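Per our numbering, the sequence shown starts with residue 1, numbered consecutively. Here a beta-carbon is modelled for each residue, glycine too, at the ideal position from N, C-alpha and C. As the structure is a prediction and not an experimental result, all values here were calculated from the model. Below is one structure, written out as structure tokens; the observations come after it.
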Amino acid sequence: MVDHFIIMASSYCKGTRIAFQQVYSGGVDRNEIQEIWDVMEQAGDGKFSYSTHYICTESADWKSVVSYDPFFEDAYLGQMRVL
Numbered sequence: 001m002v003d004h005f006i007i008m009a010s011s012y013c014k015g016t017r018i019a020f021q022q023v024y025s026g027g028v029d030r031n032e033i034q035e036i037w038d039v040m041e042q043a044g045d046g047k048f049s050y051s052t053h054y055i056c057t058e059s060a061d062w063k064s065v066v067s068y069d070p071f072f073e074d075a076y077l078g079q080m081r082v083l
């Protein structure tokens, strides 16, 4: 099984939803997730809204997330990197 930690945000300028995904096999790395939160807080102006999702699928592929829950079907998949 593969764990997907997903952050969803909306781009009101582009009229789309953006998904950022971290994939883990063997459990989520809490320290890495904390680093992601820290970067988001530093980059934001306090008006950035987002939602988080945790999904477990059979594959690391984004299509497995969409198959699991069609809510993610029309989201643009961005790259998430910890700085």
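I need the DSSP call for residue i, collapsed to helix, strand or coil.
i   : result
Y68 : helix
V28 : coil
D38 : helix
For residue i, write down the residues that DSSP places opposite it in a beta bridge.
i   : result
I33 : Partner(s): none; I33 has no beta bridge.
S10 : R17
D61 : Looking at the DSSP assignment, D61 forms no beta bridge with any residue, so it has no partner.
With residue i as the anchor, note down where its beta strand (DSSP E) starts and where it stops.
i   : result
G78 : Y76 to G78
S51 : Y50 to T57
Output the distance between the C-alpha atoms of residue i and residue j, rounded to the nearest integer angstrom.
i   : j   : result
S49 : D74 : 18 angstroms
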